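Chemist: Submitted below is the structure of interest, expressed as structure tokens.
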Amino acid sequence: MSDFSGNFTEISGLLQRGKAKDIIVAVQKALEAGASPADILDKGLIAGMNVIGKKFRDGEVFVPEVLIAARAMNNASAALKPALAQAGVQPVGKAIICTVKGDLHDIGKNLVKMMIEGKGIEVLDLGVDCSPEKVIDAIKTSGAKVVCLSALLTTTMMAQKDMIDAIKQAGLRDQVKIMVGGAPVTQNFADEIGADSYTSDAASAAEACRAFF
Ligand code: B1M
Numbered sequence: 103m104s105d106f107s108g109n110f111t112e113i114s115g116l117l118q119r120g121k122a123k124d125i126i127v128a129v130q131k132a133l134e135a136g137a138s139p140a141d142i143l144d145k146g147l148i149a150g151m152n153v154i155g156k157k158f159r160d161g162e163v164f165v166p167e168v169l170i171a172a173r174a175m176n177n178a179s180a181a182l183k184p185a186l187a188q189a190g191v192q193p194v195g196k197a198i199i200c201t202v203k204g205d206l207h208d209i210g211k212n213l214v215k216m217m218i219e220g221k222g223i224e225v226l227d228l229g230v231d232c233s234p235e236k237v238i239d240a241i242k243t244s245g246a247k248v249v250c251l252s253a254l255l256t257t258t259m260m261a262q263k264d265m266i267d268a269i270k271q272a273g274l275r276d277q278v279k280i281m282v283g284g285a286p287v288t289q290n291f292a293d294e295i296g297a298d299s300y301t302s303d304a305a306s307a308a309e310a311c312r313a314f315f
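Numbering (the working numbering), first residue to last: 103 to 315.
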């Protein structure tokens, strides 16, 4: 039990305002005052990221604000990591994310990654222009339960289908849920190619991903 009577709202607020330096100090102060790392994560950081996620989905904040909040989240998570490891707080699970083969767009993918991390899920980021072989290797070695595929070009949407087909052929389809997204992708397309989830924005993607754990 933590006897920390301080303010998780302050940490949440610093995250929402993207105060990347101040948030490290606030996290360290909270730890010194006896707050549990899990509470700092859940009631401070993830709570703040949930607010940003909802505002982003509702068009109240835009990409720059989300990226700035993401940077604060990364800093705060790094500051919290040793304490979390010591306290034995485990992430709820692991997901893989990438932009598919032939596609170099990564801004949306990075936002989706960050929102998913904000749900307490560890994300293995395989980057852009990602081949099915790379994803298949990662499924085998990481134990990830979810694979998230981003595509921004009409010409690379079909690489999402190729990825799903390759995962099937490798005999791994039952081990993972596959989520697809990106500006040209639709629910119909996702259904056609046999994906488990389509979402149109990063906040909904994070919610859908969390539901798979
Ligand atoms: Co490119 N580009 N681009 N581009 N680019 C688009 C996508 C385009 C629509 C521009 C246009 O013509 N109007 C067009 C695609 C047309 C089409 O196919 N229909 C296009 C083109 C043609 C190209 C090139 C072919 C241009 C050329 O070289 N002739 C080339 C292709 C390179 C390649 O990938 N092989 C190219 C290159 C580039 C840059 C490198 C210059 C740069 C990318 C830089 C980077 O990502 N690091 C770039 C950019 C920036 C864009 C635009 C302007 C912005 C994309 C972006 O980041 N949006 C874009 C036009 C536009 O969208 N207005 C365009 C912001 C981002 C937050 O949104 O990525 O949609 P988005 O992500 C959203 C959702 O889609 C969703 O959540 C995110 C946040 O809410 N989402 C998911 C994304 N992934 C998800 C996964 C999920 C769920 C939701 O589940 C797993």
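Ideal placement from N, C-alpha and C gives every residue a C-beta, glycine not left out.
What you are looking at is a predicted structure, and each value in this text was computed from that prediction instead of being measured.
My output table needs one value for residue 313: the three-state DSSP class, helix, strand or coil.
Modeler: In the structure shown, residue 313 sits in a helix (DSSP, three-state: H, G or I).
Chemist: Could you check which residue in 150, 126, 139 and 134 has the C-alpha nearest to that of residue 117?
Modeler: The option with the nearest alpha carbon to residue 117 is 150.
Chemist: Mind checking whether the beta-carbon of residue 304 lies closer than 8 Å to any heavy atom of the ligand B1M?
Modeler: Yes, Cβ of residue 304 sits closer than 8 Å to a heavy atom of the ligand B1M.
Chemist: Using the three-state DSSP reduction, which class does residue 248 fall into: helix, strand or coil?
Modeler: Three-state result, residue 248: strand.
Chemist: Among residues of its own chain, excluding the 5 on either side of residue 159, which ones have a beta-carbon nearer than 6 Å to its beta-carbon?
Modeler: So the list reads 303 and 305, once near-sequence residues are dropped.
Chemist: Using 10 angstroms around the beta-carbon of residue 283, count the other beta-carbons present and answer buried if the total reaches 16, otherwise exposed.
Modeler: When all chains shown are included, residue 283 counts as buried.
Chemist: Less than 8 Å between the CB of residue 244 and some heavy atom of the ligand B1M, yes or no?
Modeler: No, the beta carbon of residue 244 sits no closer than 8 Å to any heavy atom of the ligand B1M.
Chemist: Should residue 283 be counted as a contact of the ligand B1M given a C-beta to heavy atom distance under 8 Å?
Modeler: Yes - the ligand B1M has a heavy atom lying nearer than 8 Å to the Cβ of residue 283.
Chemist: Taking three-plus beta-carbon pairs below 8 Å as touching, is the segment 238-254 in contact with the segment 199-210?
Modeler: Contact between the segment 238-254 and the segment 199-210 is present, because at least three Cβ pairs lie under 8 Å.
Chemist: The beta strand (DSSP E) that contains residue 196, what's its start and end?
Modeler: From DSSP, the beta strand (DSSP E) with residue 196 extends over 195-201.
Chemist: Could you check what DSSP says for residue 57 in three-state terms: helix, strand or coil?
Modeler: Look at the range of the chain in this structure, 103 to 315, and you will see that residue 57 is not part of it.
Chemist: What does a CB cutoff of less than 7 Å around residue 216 pick up in its chain, not counting 5 residues either side in sequence?
Modeler: Result list for residue 216: 172 and 175, in chain order.
Chemist: Please report how far the alpha carbon of residue 231 lies from the alpha carbon of residue 299, in whole angstroms.
Modeler: Distance between the alpha carbons of residue 231 and residue 299 is about 21 Å.
Chemist: Just how far apart, CA to CA, sit residue 295 and residue 267?
Modeler: Computed Cα separation, rounded: 9 Å.
Chemist: Does the distance between the C-beta of residue 237 and the nearest non-hydrogen atom of the ligand B1M fall short of 8 Å?
Modeler: No; taking the cut-off as 8 Å, the Cβ of residue 237 has no heavy atom of the ligand B1M nearer than that.
Chemist: What three-state label does DSSP hand residue 298 in the structure shown?
Modeler: If DSSP states are grouped into helix, strand and coil, residue 298 belongs with coil.
Chemist: Might you give, ordered along the chain, the residues of its own chain that have their beta carbon closer than 6 Å to the beta carbon of residue 227, omitting 5 neighbours on each side?
Modeler: Excluding positions up to five away in sequence, the list reads 199 and 215.
Chemist: Please list the segments of the alpha helix (DSSP H) lying wholly inside the segment 136-221, counting only runs of 4 or more residues, in order along the chain.
Modeler: Runs of the alpha helix (DSSP H) inside the segment 136-221: 149-159, 165-189 and 209-219.
Chemist: Is it a yes or a no for the segment 175-185 touching the segment 123-131, going by three-plus beta-carbon pairs under 8 Å?
Modeler: Result yes; three or more Cβ-Cβ pairs closer than 8 Å.
Chemist: Considering residue 282, what are the terminal residues of the beta strand (DSSP E) in which it resides?
Modeler: Segment 279-283, the beta strand (DSSP E) holding residue 282.
Chemist: With hydrogens ignored, establish whether the beta-carbon of residue 158 is closer than 8 Å to any heavy atom of the ligand B1M.
Modeler: Yes - the ligand B1M has a heavy atom lying nearer than 8 Å to the Cβ of residue 158.
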